[in-house]
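Colleague: The following block contains the structure, expressed as structure tokens.
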Amino acid sequence: AQRVTQPEKLLSVFKGAPVELKCNYSYSGSPELFWYVQYSRQRLQLLLRHISRESIKGFTADLNKGETSFHLKKPFAQEEDSAMYYCALITGANNLFFGTGTRLTVIP
Amino acid sequence: GAGVSQSPRYKVAKRGQDVALRCDPISGHVSLFWYQQALGQGPEFLTYFQNEAQLDKSGLPSDRFFAERPEGSVSTLKIQRTQQEDSAVYLCASSLVPEETQYFGPGTRLLVL
Chain C
1 AQRVTQPEKL LSVFKGAPVE LKCNYSYSGS PELFWYVQYS RQRLQLLLRH ISRESIKGFT
61 ADLNKGETSF HLKKPFAQEE DSAMYYCALI TGANNLFFGT GTRLTVIP
Chain S
1001 GAGVSQSPRY KVAKRGQDVA LRCDPISGHV SLFWYQQALG QGPEFLTYFQ NEAQLDKSGL
1061 PSDRFFAERP EGSVSTLKIQ RTQQEDSAVY LCASSLVPEE TQYFGPGTRL LVL
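Chains as they are written, first to last, in our numbering: chain C, 1 to 108; chain S, 1001 to 1113.
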């Protein structure tokens, strides 16, 4: 069965500091992983997906199949990065399987 | 362009009442998904439509939950005889084709008293 683990429910960093949001997964198939973000009073939206290998808003994530991880990183956090972040895995049935989320707070 | 819309945005129901939640996907999107998000949790898959066909309903928690998309556009999630444990945010998402990016609606927050 699939599982997505985000070990930190809350994460606080100072503005300008590096940030890393952890995500580990378990899936028997070939994984396709995503990061979704939800800013205050906004809807859930896609931040990035591993197959596109894009950098969005300065965030990157590398799929590490050996460690079954897909950690989200940004070298210099900004106040506008404060949000709820969800790591998700897509199954063969095309539905997303989400972790429990990490609330990131960037302290000015 | 218009995104995914959902109505109502908030719904308070007494235990035992039936509720109907509506989702208007992005025009032309073939795939439509329903998710349930309990407080402090990530969204959990409920059901998936490709056009009007319900291809996966494995996530529906009980036979009190029913979803339809009769014309391949608007979808309705119906919950019969609501229970307190049904209190959650119900999210709808659509994608142009199944494997493409899912775009989420604002959700319907259901509170069952």
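Just so you know, even glycine gets a beta-carbon here, dropped at the ideal spot from N, CA and C.
Computed from a prediction, not measured in an experiment: that's the story for all the values here.
(1) Among residues of its own chain, excluding the 5 on either side of H1029(S), which ones have a beta-carbon nearer than 7 Å to its beta-carbon?
(2) Just grab the DSSP bridge partners of L46(C) for me.
(3) Which parts of the segment 1072-1103 of chain S are runs of the beta strand (DSSP E), unbroken and 3 residues or longer, counting only runs that do not cross its ends?
(4) In three-state terms, what does DSSP make of E79(C)?
(5) Apply the 10 Å Cβ neighbour rule to P1043(S) and answer buried if 16 or more other Cβ atoms are within range, or exposed otherwise.
(6) Of all the residues that make up the segment 1053-1067 of chain S, which are near chain C by a beta-carbon distance shorter than 9 Å?
(7) Buried or exposed: which applies to Y39(C), given that a residue is buried once 16 or more other Cβ atoms fall within 10 Å of its Cβ?
(8) Taking R1069(S) and S1075(S) to be in contact with their CB atoms under 8 Å, please state how far apart those CB atoms are, rounded to whole angstroms.
(9) Ignoring anything shorter than 3 residues, give me the beta strand (DSSP E) runs that lie fully in the segment 1015-1050 of chain S, in order along the chain.
(10) Relative to the C-alpha of K74(C), which candidate in E8(C), K22(C), P7(C) and L10(C) has its C-alpha closest?
(11) Looking at L72(C): is its Cβ nearer than 8 Å to the Cβ of Y85(C)?
(12) I'd like to know if Q78(C) contacts chain S, where contact means its C-beta is closer than 8 Å to some C-beta of that chain.
(13) Give the interface partners of Q1102(S) over in chain C, defined as CB-CB distance under 7 Å, in chain order.
(14) To which residues of the same chain is L44(C) closer than 6 Å at the C-beta, ignoring the five residues directly before and after it?
(15) Run through DSSP, which three-state label would E20(C) get?
(16) What residues in the segment 1086-1110 of chain S bring their beta carbon closer than 9 Å to a beta carbon of chain C?
(17) List, in order along the chain, the chain C residues whose C-beta lies closer than 9 Å to that of Q1041(S)?
(18) Using a Cβ-Cβ cutoff of 9 Å, what residues of the segment 39-63 of chain C are near chain S? List them in chain order.
(19) Give me the residue from Q6(C), Q42(C), L10(C) and L11(C) with the minimum Cα distance to S26(C).
(20) What residues of chain C sit near S1031(S), judged by a beta carbon separation below 8 Å?
(21) How would you list, in chain order, the residues of chain C whose beta-carbon sits under 9 Å from the beta-carbon of F1045(S)?
(22) On the DSSP bridge list, what partners appear for R3(C)?
(23) Output yes if chain S places a C-beta closer than 8 Å to the C-beta of Y25(C); else output no.
Modeller: Straight from the coordinates:
(1) S1094, S1095 and L1096
(2) For L46(C), which the question treats as bridged, DSSP gives the partners Y36(C).
(3) 1075-1079 and 1088-1095
(4) helix
(5) Classification for P1043(S): buried.
(6) If the cut-off is 9 Å between Cβ atoms, the segment 1053-1067 of chain S has L1055, D1056, S1058 and G1059 near chain C.
(7) exposed
(8) 4 Å
(9) Unbroken beta strand (DSSP E) runs of no fewer than 3 residues, entirely contained in the segment 1015-1050 of chain S, are found at 1019-1024, 1031-1037 and 1044-1050, following chain order.
(10) K22(C)
(11) With contacts defined as CB atoms closer than 8 Å, L72(C) and Y85(C) qualify as a contacting pair.
(12) no
(13) L96
(14) Once the five neighbours on either side are set aside, the close Cβ partners of L44(C) are Y36 and Q38.
(15) strand
(16) L1091, A1093, S1095, P1098, E1099, T1101, Q1102, Y1103, F1104, G1105, P1106 and G1107
(17) F98, T100 and G101
(18) Cβ contacts with chain S come from Q42, R43, L44, Q45, L46 and R49.
(19) Shortest Cα-Cα distance from S26(C) to any of Q6(C), Q42(C), L10(C) and L11(C) involves Q6(C).
(20) N94
(21) T91, A93, N95, L96, F97 and F98
(22) S26(C)
(23) It does not; no Cβ of chain S falls within 8 Å.
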